[in-house]
C-alpha cells in the first residue's frame with residue numbers, strides 16, 4: 002500500500018490522489034487502507050516514514066565518515082556519493098519532495114523534520130570539514146552548499162522521470178550526477 006501511495010502522491014500530489022486510486026493500484030479494498038491508516042494524511046505520514054526508513058541506512062553510512070581516518074576530501078566525496086545515490090535509489094522521491102516542499106504547512110514541516118534535517122545533520126559535518134580544509138569550490142556556507150547539491154540532484158531526476166526513467170537509466174543517471182556534481186562542490 003505504501004508503494005502505491007508514494008507512486009500516487011508523486012504523480013498527482015497529495016490533493017490529486019484519492020484513497021480509492023491508491024487502493025486500486027495496491028490491489029486492495031479502500032476500506033483496508035482506511036482501517037489500517039485511518040485517514041489519507043496518516044497514510045501520507047506513513048509514506049514519509051517509509052522514505053525516511055529507506056534513507057536511514059545511507060544516512061548512517063554518511064555519519065560513519067564523520068571524523069573517520071583518511072583524507073577529508075575522500076570522505077567528503079564518499080559522503081556526497083552516498084547522498085546522491087540514496088536520492089537516485091527512490092525514483093519518486095524528487096517529485097514527491099518538490100511538490101511537498103513548495104507548499105508551507107504541516108506536510109512540509111513533517112518532511113523537513115523526518116527527511117531533510119536528518120540528512121542535513123549527516124552531511125553538514127563533512128561539508129564543514131571540507132570548508133575548514135579549503136576544499137569547497139565556493140566559500141559559502143555548508144548549508145547552502147548542501148541545498149545546491151540537492152537541487153543539482155533533484156532537477157535531473159525530475160526531468161528524467163518526466164521522460165520515463167527506467168531502472169537502467171537510474172543507475173546511469175546516478176553515476177553521471179556523481180561525476181558532474183562533485184566537481185561543482187569540491188575545489189580539487
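Residue numbers (my numbering): 2 to 189. Positions of the beta carbon are idealized from the N, C-alpha and C atoms, including for glycine.
DSSP places residue 110 in the uninterrupted alpha helix (DSSP H) bounded by 107-112. In this structure residue 102 does not touch residue 153 by the C-beta definition: roughly 16 Å separates them, more than the 8 Å allowed.
Of all alpha-carbon atoms in 46, 23, 181, the one lying nearest the alpha-carbon of residue 108 is that of 46. Taking a contact to require three or more Cβ pairs closer than 8 Å, the stretch 74-91 and the stretch 54-65 qualify as touching. In the DSSP assignment, residue 136 forms no beta bridge with any residue. Per DSSP, residue 35 is one residue of the alpha helix (DSSP H) stretching across 31-38. With respect to residue 67, residue 126 sits close: the two C-beta atoms are nearer than 8 Å.
Shown here, residue 187 sits in a strand according to DSSP, grouped into three states.
Per DSSP, the unbroken alpha helix (DSSP H) holding residue 80 starts and ends at 73-89.
With respect to the 8 Å criterion, residue 136 and residue 74 are classified as neighbours on the basis of their beta carbons.
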